[in-house]
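Be aware that the sequence shown starts at 182, since it is given in the numbering used here, and climbs by one per residue.
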Amino acid sequence: MLRYCHIVNSNAVFTHQRLLFLIAIFVLGFPSVAKAEVLVQKIWVRSTPGVARSSAAYAVIVNTAAKPDRLMEVSSPDVAKVELHASKQEGAIMTMTPIETLSIPARGTVELKPGANHVMISGLTRPLRAGETLDLTFSFEFYGDVDVKAMVGPLAAMGYPGPAIVETP
Ligand SMILES: [Cu+2]
């Protein structure tokens, strides 16, 4: 009887350990199995008033990779000139300076938002009206190109106005 109990008990221990092992593989192993990627989320662009042909685009860039990346360039078939800009508040005046590239930390998030870093759009081929979309390509040093459709938000919007369609390559 004692012997029988011993066998049952060791089987139970074995099963329990195997279960823990499987859980460990799932919990610890999953992040390394999942494809590391750079996501461009909540991408939107401000609508243009009247005949204005410049605007700015904003997004949340998420890097799930274990190494840093860099946003090298943003381009669009509907825009003559797209630049990365940094904004700085100096007293009552907001100044903008072009920046060459934008570092995206490993497993980090970088937000492009009004009053801070943004994508400067000059020379639009068409006006942007709220509710439309604008095709943009975000080019990263390591991850490559990410094509997105930016949601055109109202002129007065100060944040992401709605869903953007993200097309990952
Ligand atoms: Cu700007």
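A virtual CB, placed ideally from N, CA and C, is assigned to each residue, including glycine.
- So which residues touch the region around ligand 1, with touch meaning a C-beta under 6 Å from any heavy atom? ALA237, HIS266, MET277, HIS299 and MET301
- Query: Mind checking SER274: buried by the 16 CB within 10 Å criterion, or exposed?
  - Reply: Residue identity check: residue 274 is Ile in the sequence provided, not Ser. That one is exposed.
- Item | For LEU336, three-class secondary structure by DSSP | coil
- Are the beta-carbon atoms of PRO249 and ALA217 separated by less than 8 Å? no
- For the candidate residues GLU254, PRO308 and LEU315, whose alpha-carbon lies nearest to that of SER284? GLU254
- Report yes if the CB atom of PHE321 is closer than 8 Å to the CB atom of VAL329, and no otherwise. no
- Message: Suppose the cutoff is 7 Å on Cβ atoms and the five residues either side in sequence are ignored; what does the same chain contact list for GLU292 look like?
- Response: VAL241
- Message: Could you tell me the alpha carbon to alpha carbon distance between MET182 and GLY289, rounded to whole angstroms?
- Response: Because the pLDDT of MET182 is 45, which lies under 50, any placement of that residue in the model is unreliable, and the number read from its coordinates should be weighed accordingly. One C-alpha to the other measures close to 59 Å.
- Message: Please state whether the Cβ-Cβ distance between ALA331 and LEU315 is less than 8 Å.
- Response: yes
- Task: Kindly give me the distance between the Cβ atoms of LEU305 and THR229, rounded to whole angstroms, as I take these residues to be in contact under 8 Å.
- Result: 7 Å
- Query: Could you check where the beta strand (DSSP E) with TYR239 kicks off and where it finishes?
  - Reply: 235-244
- Message: If you follow the beta strand (DSSP E) that SER228 is in, where does it begin and where does it stop?
- Response: No beta strand (DSSP E) holds SER228; DSSP gives it neither H nor E.
- Message: Can you tell me where the beta strand (DSSP E) holding GLU313 begins and where it ends?
- Response: Neither: GLU313 is in no beta strand (DSSP E) and is coded neither H nor E.
- Item | Distance between beta carbons of ASP259 and ARG307, contact taken as under 8 Å | 6 Å
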